[in-house]
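Residue numbers for the sequence shown follow numbering that gives the first Met the number 0, so the first one is 0 and each next one is one higher.
Ideal Cβ positions, reconstructed from N, Cα and C, are used throughout, including at glycine.
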Amino acid sequence: MTSTSGNNFSAGTTGNLSRSATSPRTLFDTVMTVVAFLCGIIALVPLIAVLSYVLIQGLSSLNLDLFTKLPPPPLVKGGGFGNAILGTLVMVGIGALISIPLGVLAAVYLTEFSSGKLSRWIRFATNVLSGVPSIIAGVFAYGIVVATTGGFSAVAGGFALSILMLPIIVRTTDEALQLVSQDLRQAAVGLGATNFQTVAWVVVPAAVPSIVTGATLAIARASGETAPLLFTALFSQFWPRGIFEPTASLAVLVFNFAISPFKNLQSLAWAASLILVLLVLLTSITARWATSRQIK
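As structure tokens, then:
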């Protein structure tokens, strides 16, 4: 006796089920699997194309002088962009020092201490802020810092970057804290810990890997921003002498040199693009490493 189940499997006299390769459901499943695979490949094509082109163009200009020397004048071979690398690290560091403590504390408040409409409005405002164009953050930082202090500076650039980093850190930390098991909280309270002690010594340490992931993703985004720095830090051909002076950055250097008609500056722009991509790749690897530790 033979029977079919859902047009997908057939049963023989022995009672074993076998998949029917010609059934409509199986054919539809196969077609959709192939379509999904092709879409995944197509999605990778732009990324692979961009990375390949940057590698080809950037590796030919890569040398040790890039990290230790200043940008050269037009038509002069050699030089580097050590000041831009240092300036990028300084401004991203300033942005991290501002946004990470504020973002983590805001997420702790949302998850552990807030209730009702206030928390929903804060989360809504965070989502809106994450979608604000980066140039708007630059204009805002210009009005708050540059116009107040009377000059472009690394502090203004870091402040603008912190605005872009803050919503990423708040959202990732908020989600990480919500994933911490309630059993840990109840166990800490059962041992006599206060609410503050429970959050500080139990909840936050349990969510540290995800918090690190959010911070590194925010740093990766800030490292490649150009528009906010055009309004705040501007650019400089010299080594940074202080955080209250115009400061060079890799993203602005790429912007300035890529549109230059001089070949030596264009080659430096490609090399700077490669360094910038490697910095973003490094932060992404750090985020993946932190996530893998959390899973284990």
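Residue i to residue j span [Cα, whole Å]
| i | j | result |
| --- | --- | --- |
| F123 | F230 | 27 Å |
| G92 | T225 | 16 Å |
| A297 | P132 | The question about residue 297 has no answer here: the residues shown for the chain are numbered 0 through 295. |
| P71 | P239 | 16 Å |
| T67 | L85 | 10 Å |
| F151 | L233 | 6 Å |
| I274 | L228 | 18 Å |
| I162 | T87 | 16 Å |
| L109 | W120 | 10 Å |
| L46 | L96 | 31 Å |
| W355 | C38 | Beyond the ends of the chain as shown, which are 0 and 295, falls residue 355; an answer cannot be given. |
| L26 | I40 | 21 Å |
| G115 | R184 | 20 Å |
| L280 | T21 | 45 Å |
| V33 | S51 | 26 Å |
| F36 | Q181 | 39 Å |
| F237 | G94 | 22 Å |
| D312 | A199 | Only positions 0 to 295 of the chain appear in this structure, which leaves residue 312 out of reach. |
| E244 | K76 | 28 Å |
| I55 | G223 | 20 Å |
| P23 | S113 | 53 Å |
Within 8 Å, strictly: CB atoms of residue i and residue j
| i | j | result |
| --- | --- | --- |
| G213 | T246 | no |
| N82 | S259 | no |
| L160 | A221 | yes |
| S272 | A219 | no |
| I168 | V103 | yes |
| L128 | P166 | yes |
| F256 | L74 | no |
| F158 | V138 | no |
| G78 | L69 | yes |
| A140 | A155 | yes |
| A146 | T215 | no |
| V276 | V53 | yes |
Cβ-based burial, residue i [other Cβ within 10 Å; buried from 16]
| i | result |
| --- | --- |
| M164 | buried |
| N42 | The displayed chain sequence assigns Ala, not Asn, to residue 42. Exposed, because fewer than 16 other Cβ atoms sit within 10 Å of the Cβ of A42. |
| P100 | exposed |
| S98 | buried |
| N126 | exposed |
| R170 | buried |
| P208 | buried |
| L278 | buried |
| A153 | buried |
| G14 | For G14, the pLDDT reaches just 48, beneath the cut-off of 50, and the residue's location in the model is therefore unreliable, leaving the point undetermined. |
| L264 | buried |
| S80 | According to the sequence as given, residue 80 is Phe; it is not Ser. With 16 or more other Cβ atoms within 10 Å, it is buried. |
| V30 | exposed |
| G142 | exposed |
| G149 | exposed |
| V306 | The structure shown does not extend to residue 306, since the chain spans only 0 to 295, so no value can be given for it. |
Presumed contact (8 Å Cβ cut-off) between residue i and residue j, rounded CB distance
| i | j | result |
| --- | --- | --- |
| T197 | A205 | Actually they do not touch by this definition, with Cβ atoms about 11 Å apart. |
| V49 | I242 | Actually they are not in contact, since the Cβ atoms of V49 and I242 sit about 33 Å apart, beyond 8 Å. |
| V201 | E111 | Their Cβ separation, rounded to whole angstroms, is 11 Å, which puts V201 and E111 out of contact at 8 Å. |
Residue i: CB within 7 Å of a non-hydrogen atom of the ligand NAP
| i | result |
| --- | --- |
| L278 | In the structure shown, the ligand NAP is absent, as is every other ligand, since no ligand is present at all. |
Test: residue i CB closer than 8 Å to a CB of chain D
| i | result |
| --- | --- |
| T171 | Given the protein chain composition of this structure (a single chain), no chain D is represented. |
Is the region 262–270 in contact with the region 176–187, if contact means three or more CB pairs nearer than 8 Å?
no
Could you say if the region 54–67 and the region 248–255 meet the contact criterion of at least three C-beta pairs nearer than 8 Å?
no
Closer than 8 Å is the cut-off here; do at least three beta carbon pairs connect the region 132–143 with the region 178–198?
no
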